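To convert, take the position in the sequence shown, counting from 1, and add 16; that gives the numbering used here. Using N, Cα and C, we set each Cβ at its ideal position, and we do this for glycine too. Please read these numbers as outputs of a predicted model, since none were measured by experiment. The structure under discussion appears below in the form of structure tokens.
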Amino acid sequence: MSQPGTVRVAAIQTVSGPDVDENLRAADALVAEAAANGARLVALPEYFALLSPDETAKLRAAETPGDGPIQRFLSGAARRHGVWIVGGTLPLAARTPGRVRNTVLVYDAAGAVVSRYDKIHLFGFDNGGEHYDESRTIEAGDAPVALDSPFGRLGLSVCYDLRFPELYRAMGRPDVVFVPSAFTATTGRAHWETLLRARAIENQCFVVAPAQGGVHPGGRRTWGHSMIVDPWGEILACRAEDGPGIVVADLDPRRLDTVRRQLPALQHRRLGGAG
């Protein structure tokens, strides 16, 4: 049970495939597990509803805001389980033909949408053996997003955004940052933990990073290691093994206050403005 003043948060790890209905059933079971463990704030990973070797599948699954099976699932799960859900990402219709937005929607415990963030930085990687180019099917977002909530100020980001620290500075001093991800095994092994801990330390905030983790249909391997990090950069929880599951931690606002008071680095900024 959480201590008074704390909030229990869960980061969900999945190994999603091309079947949306199957992915939603798997996600629902994990949200239920998180709620049964006392979580009030639950975060799903990037592409939790659809991760296909056919990159055009997301175009066919694209939903309009407020309408579609993935959005109905997220709203219903939040309401049934009485939790806030940071809904990983889902494909929403874009302005550009042949593209979608890779979107995070946040739902409150009544099942209402309270915030939306469209992934700004689109992953590109080519080491001769692996090749990824999200810009072929995704239209980039253009605005950072943070929202005030019963759990403090929540900052939203997605996967590759993690490599761009200026995004987090633009969130207006968040208390908790979410990074739903599908890091490749190659980049995750090298950089995942380092980047998550760096974003927590430099912004003096909690970081919650639910991830895809395992081998997907078509052979893609994601790094997993879904993780929750505190403002001092200490890892509160991490799922070391592949496969679906949850990690849970209690976020204590007193820890946030202590770190910021003892080392007031955010007040000492000189470039890019205070805050």
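key: Within 9 Å, strictly: CB atoms of residue 51 and residue 102   = For the purposes of this step, residue 51 is identified with residue 35 of the sequence shown, where counting begins at 1. For the purposes of this step, residue 102 is identified with residue 86 of the sequence shown, where counting begins at 1. Between residue 51 and residue 102, the CB-CB gap reaches or exceeds 9 Å.
Whether residue 131 touches residue 120 by CB criterion (9 Å) = As a first step, residue 131 must be located in the sequence shown, where it is residue number 115. As a first step, residue 120 must be located in the sequence shown, where it is residue number 104. In this structure, residue 120 lies closer than 9 Å to residue 131 by Cβ.
request  = Have a look at 268, 263, 153, 172 and flag the residue whose alpha-carbon is nearest the alpha-carbon of residue 29.
outcome  = The residue you call residue 29 lines up with position 13 of the sequence shown. Answer by Cα proximity: 263.
ask   = From residue 255 to residue 209, what distance separates their C-alpha atoms?
value = The residue you call residue 255 lines up with position 239 of the sequence shown. The residue you call residue 209 lines up with position 193 of the sequence shown. When rounded, the separation of the alpha-carbon atoms in residue 255 and residue 209 is 12 Å.
request  = Kindly list the residues whose CB is nearer than 8 Å to the CB of residue 111, restricted to its own chain and excluding five residues on each side of it in sequence; keep chain order.
outcome  = For the purposes of this step, residue 111 is identified with residue 95 of the sequence shown, where counting begins at 1. Excluding sequence neighbours, residue 111 sits near 155.
request  = Run the proximity test for residue 182: is its beta-carbon closer than 8 Å to any non-hydrogen atom belonging to the ligand GTP?
outcome  = Absence of the ligand GTP from the depicted structure is noted, as is the absence of any ligand whatsoever, leaving it without description.
query = How should residue 228 be labelled, buried or exposed, when 16 other C-beta atoms within 10 angstroms of its C-beta is the threshold for buried?
reply = Taking the sequence shown and counting its residues from 1, the one referred to as residue 228 is at position 212. Buried is the call here.
task = Take residue 42 and list the residues in its own chain whose beta-carbon comes closer than 8 Å to its own, dropping the five residues that flank it on each side.
result = Position 26 of the sequence shown, counted from the first residue, corresponds to residue 42. For residue 42, the CB contacts under 8 Å within the same chain, skipping 5 residues up- and downstream, are 30, 32, 260 in chain order.
query = Are the beta-carbon atoms of residue 231 and residue 244 separated by less than 9 Å?
reply = Your numbering for residue 231 matches position 215 in the sequence shown. Your numbering for residue 244 matches position 228 in the sequence shown. Against a cut-off of 9 Å, the Cβ pair of residue 244 and residue 231 comes out as no contact.
query = Among 214, 193, 168, 87, which residue has its Cα nearest to the Cα of residue 250?
reply = Along the sequence shown, one-based indexing puts residue 250 at 234. Its Cα nearest to that of residue 250, the residue 214 stands out among 214, 193, 168, 87.
request  = Could you check the C-alpha separation between residue 278 and residue 39 for me, to the nearest Å?
outcome  = Position 262 of the sequence shown, counted from the first residue, corresponds to residue 278. Position 23 of the sequence shown, counted from the first residue, corresponds to residue 39. Our two residues, residue 278 and residue 39, have alpha carbons roughly 44 Å apart in a direct line.
request  = Give the straight-line distance between the Cα atoms of residue 64 and residue 197, rounded to the nearest whole angstrom.
outcome  = For this step, residue 64 is matched to residue 48 along the sequence shown. For this step, residue 197 is matched to residue 181 along the sequence shown. C-alpha separation (whole angstroms): 9 Å.
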